[in-house]
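Numbering of the sequence shown is given in the UniProt record's numbering, commencing with residue 1 and proceeding in unit increments.
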Amino acid sequence: MIQRKPVPGGRPLNVDQKQALDKVMGETRTSPDSKPPPYEFEKVESIQEGQIIDEFDQQLEALHLDSEPDPSEAPPGASHESVEQATASSKNPSKVKAALGTAYNQAVHFAGGLVSHPFEATKHYSVLRHSIGLVYYRGPTTSVAITVFSDQPLPPDRKLWLQKRGFSGKTGLAVGKLGTRSAWIDVTPTISATPDALPKADERAWQRDINKFRKKAKDVKQIRNHRPYETNVVRIPHVAADGYFRIVLCEGRKVLCPSPVFRYASTSTDPGMLRGASLRSLPLELGIKIGAMVANNAANAAAAGAVQPVTTAVQNAVQPYQYGGLTQMAATSVYDSSGAPQKIEEVNEVYEQRRELSHQQAIVDADARASLIGSDDGPEHPFPIRLTGKVIPGTGRSRSEFGMPTANISDVAEDTILRLSGVYVAWAMVSPPKKLKEHSPSNGLYDVWHPAIVTAAPLRKTHTSVVEKKSISAYLINDFDNTTFFDSKVHLMVMGFMHPVLPSSTEEQALQIAQDVAIAQASLERPAWQAETLLFRIETESSSRSFTERVADVREAGQKQVDKVPVHWLGVRTDSMGLKDQLIGNGGICVRR
Numbered sequence: 001m002i003q004r005k006p007v008p009g010g011r012p013l014n015v016d017q018k019q020a021l022d023k024v025m026g027e028t029r030t031s032p033d034s035k036p037p038p039y040e041f042e043k044v045e046s047i048q049e050g051q052i053i054d055e056f057d058q059q060l061e062a063l064h065l066d067s068e069p070d071p072s073e074a075p076p077g078a079s080h081e082s083v084e085q086a087t088a089s090s091k092n093p094s095k096v097k098a099a100l101g102t103a104y105n106q107a108v109h110f111a112g113g114l115v116s117h118p119f120e121a122t123k124h125y126s127v128l129r130h131s132i133g134l135v136y137y138r139g140p141t142t143s144v145a146i147t148v149f150s151d152q153p154l155p156p157d158r159k160l161w162l163q164k165r166g167f168s169g170k171t172g173l174a175v176g177k178l179g180t181r182s183a184w185i186d187v188t189p190t191i192s193a194t195p196d197a198l199p200k201a202d203e204r205a206w207q208r209d210i211n212k213f214r215k216k217a218k219d220v221k222q223i224r225n226h227r228p229y230e231t232n233v234v235r236i237p238h239v240a241a242d243g244y245f246r247i248v249l250c251e252g253r254k255v256l257c258p259s260p261v262f263r264y265a266s267t268s269t270d271p272g273m274l275r276g277a278s279l280r281s282l283p284l285e286l287g288i289k290i291g292a293m294v295a296n297n298a299a300n301a302a303a304a305g306a307v308q309p310v311t312t313a314v315q316n317a318v319q320p321y322q323y324g325g326l327t328q329m330a331a332t333s334v335y336d337s338s339g340a341p342q343k344i345e346e347v348n349e350v351y352e353q354r355r356e357l358s359h360q361q362a363i364v365d366a367d368a369r370a371s372l373i374g375s376d377d378g379p380e381h382p383f384p385i386r387l388t389g390k391v392i393p394g395t396g397r398s399r400s401e402f403g404m405p406t407a408n409i410s411d412v413a414e415d416t417i418l419r420l421s422g423v424y425v426a427w428a429m430v431s432p433p434k435k436l437k438e439h440s441p442s443n444g445l446y447d448v449w450h451p452a453i454v455t456a457a458p459l460r461k462t463h464t465s466v467v468e469k470k471s472i473s474a475y476l477i478n479d480f481d482n483t484t485f486f487d488s489k490v491h492l493m494v495m496g497f498m499h500p501v502l503p504s505s506t507e508e509q510a511l512q513i514a515q516d517v518a519i520a521q522a523s524l525e526r527p528a529w530q531a532e533t534l535l536f537r538i539e540t541e542s543s544s545r546s547f548t549e550r551v552a553d554v555r556e557a558g559q560k561q562v563d564k565v566p567v568h569w570l571g572v573r574t575d576s577m578g579l580k581d582q583l584i585g586n587g588g589i590c591v592r593r
């Protein structure tokens with residue numbers, strides 16, 4: 001019989017204990033309501049932990065039904081000469097992409113055969129990993145592709161969790177010690193797609209993997225009846241730090257099956273992080289270091305293009321006022337005693353608060369539907385949100401189905417698009433294109449604020465990316481006799497959130513649009529919600545800003561220029577990309593088979 005409490009210095013498992021353990025291993029466990037599902041081994045608290053680790057490792061190894069390639073068969077790593085060549089080429093911006101690709105491919109070679117368990121299987125479920133064992137950080141689009149097999153339909157409430165590997169290799173994953181439980185992240189895909197909506201090359205490769213698995217499964221009794229039910233392209237969020245991970249399939253709070261382990265790496269932190277590494281995968285870290293070296297050099301060179309003009313201007317401005325060493329030492333002492341460091345700290349605090357607020361989603365309680373938006377005192381934070389874009393041709397669907405001509409807007413800042421999701425009440429001003437400015441008719445359309453409804457919704461038929469792409473469209477409530485204003489610039493002042501985008505029939509949508517128009521007109525008619533009133537208030541507040549706030553403005557403007565450099569394509573993490581990542585949500589694609 002299995003003891004209920006661990007006994008220090010206990011003896012190795014006997015036959016009865018092993019049989020009992022096997023029985024426990026074949027069942028699914030339940031976790032506490034307030035916590036993510038633990039790994040299924042975690043509920044076995046009847047045997048001493050030090051004794052069950054090896055047994056669990058043996059059970060986990062038994063799930064690897066595909067043979068690993070011999071380490072000697074793995075492609076060799078990059079030589080010292082190739083590293084020097086890649087590093088040198090990173091100094092030339094035109095060769096950065098090629099150099100990084102070389103380093104990346106060499107690092108991938110290290111992954112072959114080192115983190116290469118193709119699939120994991122339990123009694124009723126199997127998880128096949130299509131992606132390679134080394135996953136480099138690529139910003140919000142970082143993803144891992146898996147296919148779930150089963151001998152029965154998948155539970156409707158199934159979820160996918162990302163679980164980090166602990167310091168002790170498989171033990172950290174299995175037993176959940178060393179803080180691994182707190183590292184569970186819900187990565188269940190939110191975008192449904194059909195196979196024909198996927199990139200053809202990806203779908204062909206995944207079908208080859210699936211056919212190979214099914215061919216192998218015919219000879220294994222445990223999985224011969226497993227068939228593919230869904231392929232998931234799981235987005236790996238920014239918050240997941242570098243290390244070893246796996247994706248765990250769960251039914252509610254019950255664990256069903258884990259995926260094979262993969263190495264998640266960026267070039268921003270110490271690439272030699274061995275947390276969760278096994279002796280067999282240690283050579284993989286060398287390949288990651290190669291990619292980190294080249295990517296960091298290339299990222300520094302790319303960022304220098306954005307920073308250098310500012311640095312040069314500052315240096316030229318202060319050069320005439322610089323003194324010798326002794327004078328500088330005296331000036332430093334005066335600076336320290338002047339309270340300037342405290343001022344700088346205040347600037348940093350204001351900047352950080354403003355930066356976080358600028359990356360918050362502009363939505364409210366989706367159930368809060370009312371006849372008026374907001375209070376009579378005017379829009380509340382984070383509104384108003386101002387944005388500018390250019391009108392481009394659309395499908396014409398809104399005009400033909402609802403009699404509501406809608407302006408599709410492009411060239412909107414990415415940060416703003418991420419913040420918006422749903423239907424909003426807004427003011428819109430149209431500026432004519434340059435070629436029409438001199439001859440634009442004075443029909444009250446151009447350069448006047450008009451009440452509008454703005455929609456931020458996913459693009460139709462674009463479910464091939466792990467990050468759902470959104471479009472911004474504006475409906476000007478005033479009637480302009482079917483006037484189109486393609487290529488015109490549109491200035492939008494988003495005043496408040498109305499409701500999320502509602503999937504419904506054409507008739508229901510027409511009724512919803514009529515209600516939205518009535519609510520928008522009633523909301524914007526109030527004095528504190530007038531566009532001119534709000535602009536005057538913003539201008540007044542801006543002129544009365546403190547010195548600290550103005551310095552924070554300068555820093556924020558400079559940071560936006562630096563953030564335009566896409567260093568995440570080089571595997572480099574930044575705080576700004578982390579804030580953007582929070583706005584994206586789970587993302588990911590689920591394809592039913």
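Ideal placement from N, C-alpha and C gives every residue a C-beta, glycine not left out.
Sorted by chain position, which residues of the same chain lie with C-beta nearer than 7 Å to residue i's C-beta, five sequence neighbours on each side aside?
{"i": "A520", "result": "V425, P451, I453, I477"}
{"i": "D516", "result": "V423, I453, M498"}
{"i": "T483", "result": "L445"}
{"i": "K489", "result": "T388, K390, S431"}
{"i": "A531", "result": "W427, W449, M493"}
{"i": "R593", "result": "P228, Y229, E230, T231"}
{"i": "D376", "result": "R526, A528"}
What is the C-beta distance between residue i and residue j, in whole angstroms, given that I count them as a contact (C-beta under 8 Å)?
{"i": "R224", "j": "L134", "result": "R224 to L134, Cβ: 31 Å. No contact."}
{"i": "V494", "j": "F383", "result": "6 Å"}
{"i": "R573", "j": "Y244", "result": "In fact, because the Cβ distance is near 17 Å, the residues do not count as touching under 8 Å."}
{"i": "S150", "j": "R235", "result": "With 8 Å as the limit, S150 and R235 do not qualify as a contact, their Cβ atoms being about 23 Å apart."}
{"i": "W184", "j": "W161", "result": "5 Å"}
How many Å lie between residue i and residue j at the Cα?
{"i": "W449", "j": "V430", "result": "8 Å"}
{"i": "R419", "j": "L583", "result": "6 Å"}
{"i": "T533", "j": "A518", "result": "21 Å"}
{"i": "A217", "j": "F497", "result": "52 Å"}
{"i": "P156", "j": "D479", "result": "47 Å"}
{"i": "S34", "j": "P195", "result": "The predicted position of S34 is uncertain, since its pLDDT is 39 and thus under 50; a value taken from the coordinates is nonetheless stated next. Roughly 36 Å separates the two Cα atoms."}
{"i": "V412", "j": "R214", "result": "46 Å"}
{"i": "L372", "j": "A522", "result": "7 Å"}
{"i": "H226", "j": "S126", "result": "7 Å"}
{"i": "E230", "j": "P527", "result": "54 Å"}
{"i": "N586", "j": "I247", "result": "14 Å"}
{"i": "S131", "j": "W427", "result": "46 Å"}
{"i": "G578", "j": "D415", "result": "12 Å"}
{"i": "D487", "j": "R386", "result": "19 Å"}
{"i": "R280", "j": "E120", "result": "Below a pLDDT of 50, predicted positions are generally treated as unreliable, and R280, at 47, falls in that range; no measurement from the model is reported."}
{"i": "Y475", "j": "H491", "result": "13 Å"}
{"i": "S410", "j": "F485", "result": "13 Å"}
{"i": "N211", "j": "P140", "result": "30 Å"}
{"i": "E468", "j": "P118", "result": "28 Å"}
{"i": "V220", "j": "T190", "result": "33 Å"}
{"i": "E541", "j": "D186", "result": "42 Å"}
{"i": "R204", "j": "V148", "result": "17 Å"}
{"i": "D581", "j": "T188", "result": "16 Å"}
{"i": "E539", "j": "T406", "result": "30 Å"}
{"i": "P153", "j": "A197", "result": "23 Å"}
Beta-carbon within less than 6 Å of residue i's beta-carbon, same chain only, minus the 5 sequence neighbours each way: which residues are those?
{"i": "A457", "result": "V501"}
{"i": "R129", "result": "I146, S259, P260"}
{"i": "K470", "result": "I417, A456, P458"}
{"i": "S192", "result": "C590"}
{"i": "V524", "result": "Checking the sequence, you will find Leu at residue 524 rather than Val. Correct list, in chain order: P451."}
{"i": "P379", "result": "M495, G496"}
{"i": "N408", "result": "I392, G394, S473"}
{"i": "E251", "result": "P155, R158"}
{"i": "R208", "result": "none"}
Is residue i close to chain B? Criterion is C-beta to C-beta, closer than 9 Å.
{"i": "P195", "result": "Within the model displayed, chain B is absent; a lone protein chain is all it includes."}
Just reading off the beta strand (DSSP E) that residue i is part of, what are its end residues?
{"i": "I538", "result": "First-last for I538: 531 to 543, but that is the alpha helix (DSSP H), not the beta strand (DSSP E)."}
{"i": "I132", "result": "Note, I132: premise wrong, no beta strand (DSSP E); not H, not E."}
{"i": "L418", "result": "Looking at the DSSP string, L418 is not in any beta strand (DSSP E); the run it does join, the alpha helix (DSSP H), is 414 to 419."}
{"i": "N478", "result": "Per DSSP, N478 belongs to no beta strand (DSSP E) and is neither H nor E."}
{"i": "N232", "result": "227 to 235"}
{"i": "T455", "result": "449 to 458"}
In the DSSP assignment, the alpha helix (DSSP H) including residue i goes from what residue to what residue?
{"i": "W206", "result": "200 to 217"}
{"i": "I223", "result": "Unbroken run through I223: none, as it is neither H nor E."}
{"i": "L249", "result": "That residue, L249, is in no alpha helix (DSSP H); its beta strand (DSSP E) goes 243 to 251."}
Beta carbon of residue i: closer than 8 Å to some heavy atom of the ligand PLP?
{"i": "T122", "result": "Absence of the ligand PLP from the depicted structure is noted, as is the absence of any ligand whatsoever, leaving it without description."}
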